[in-house]
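Start counting the sequence shown at 148; every next residue gets the next number (my numbering). Note that CB positions come from ideal geometry on N, CA and C, so glycine has one too. First comes the structure, then the notes that go with it.
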Amino acid sequence: MSAVLVEGGRFHPEQVYNRSGCQGKNISPDLRWTPPPDATRSLAVTMFDPDAPSGHGWWHWAIFNLPPQTRNLPAGAGSPGRARTLGTAVRQARNDFGDTGYSGPCPPAGDHPHRYVITVYALDVPEVTAAQKTLNAAAVASELERHSLAKTTLTAGYGG
C-alpha cells in the first residue's frame with residue numbers, strides 16, 4: 148500500500164508532524180491500492196490514532212471525493228492546496244490538530260508508541276456532502292463508514 152510504510156512498520160521522519168514538540172517534515176506518505184469494486188463512485192483516505200490519550204482517538208487526515216479511478220496518492224498529497232490537483236471535487240478535512248490536510252504522527256512526549264491506521268475507502272456516492280458543512284475529519288469519517296462499499300487498512304507505529 149506504500150513504498151515507505153509497511154503493515155506493522157514505523158513512520159519515517161519525513162511523515163512526522165512538525166509542530167507540538169515533533170520535528171518531522173509532515174509529508175503525507177505515498178499510498179497505492181488495488182482497484183476497488185466496480186460499483187465504486189468515489190474514494191477517500193483517512194489516518195487515525197486510536198492510542199491518543201484523548202479517550203476517543205485522534206484524527207490526523209481525511210481526504211475525500213477522490214475519483215474512483217484513482218489508484219494512488221503521491222507523497223505530499225495531503226499538503227494544503229494539493230487536494231484540488233487530484234480532482235476538482237477533492238477535499239481535505241480539518242484534523243484534530245486544527246489543520247486542514249495531513250498532520251503526521253506526533254504522540255505526546257513521554258507517551259508509549261502509538262498506532263496510526265490509514266484506511267482507503269471505496270464509496271457508493273460520487274461526493275461526500277453532509278460532512279462538508281463542518282469539514283471535520285471525525286464527521287467525514289462517520290459519513291465514509293455509512294457509504295463504504297469496501298475498505299482496506301495499513302497500520303504503522305511511531306513514538307516511544
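Item                                                                                                                                         : Value
Give a yes or no on whether the C-beta atoms belonging to N212 and R179 are separated by under 7 Å.                                          : no
Where does S289 sit, in a helix, a strand or coil, going by DSSP?                                                                            : helix
Per DSSP, what kind of secondary structure is R157 in: helix, strand or coil?                                                                : strand
Considering only C-alpha positions, which residue in the set T217, V267, T235 is nearest to T302?                                            : V267
Are the segment 185-193 and the segment 151-166 touching by the rule of at least three beta carbon pairs closer than 8 Å?                    : no
Run through DSSP, which three-state label would Q239 get?                                                                                    : strand
Return the first residue and the last residue of the beta strand (DSSP E) that A191 is part of.                                              : 189-196
Using a 10 Å radius around the Cβ and a threshold of 16 neighbouring Cβ atoms, would you call D258 buried or exposed?                        : exposed
For a quick check, are the C-beta atoms of R157 and G304 less than 7 Å apart?                                                                : yes
May I ask you to verify whether the segment 237-251 touches the segment 199-212, counting CB pairs closer than 8 Å and requiring at least 3? : yes
Return yes when the Cβ of P160 is within less than 7 Å of the Cβ of G171, no when it is not.                                                 : yes
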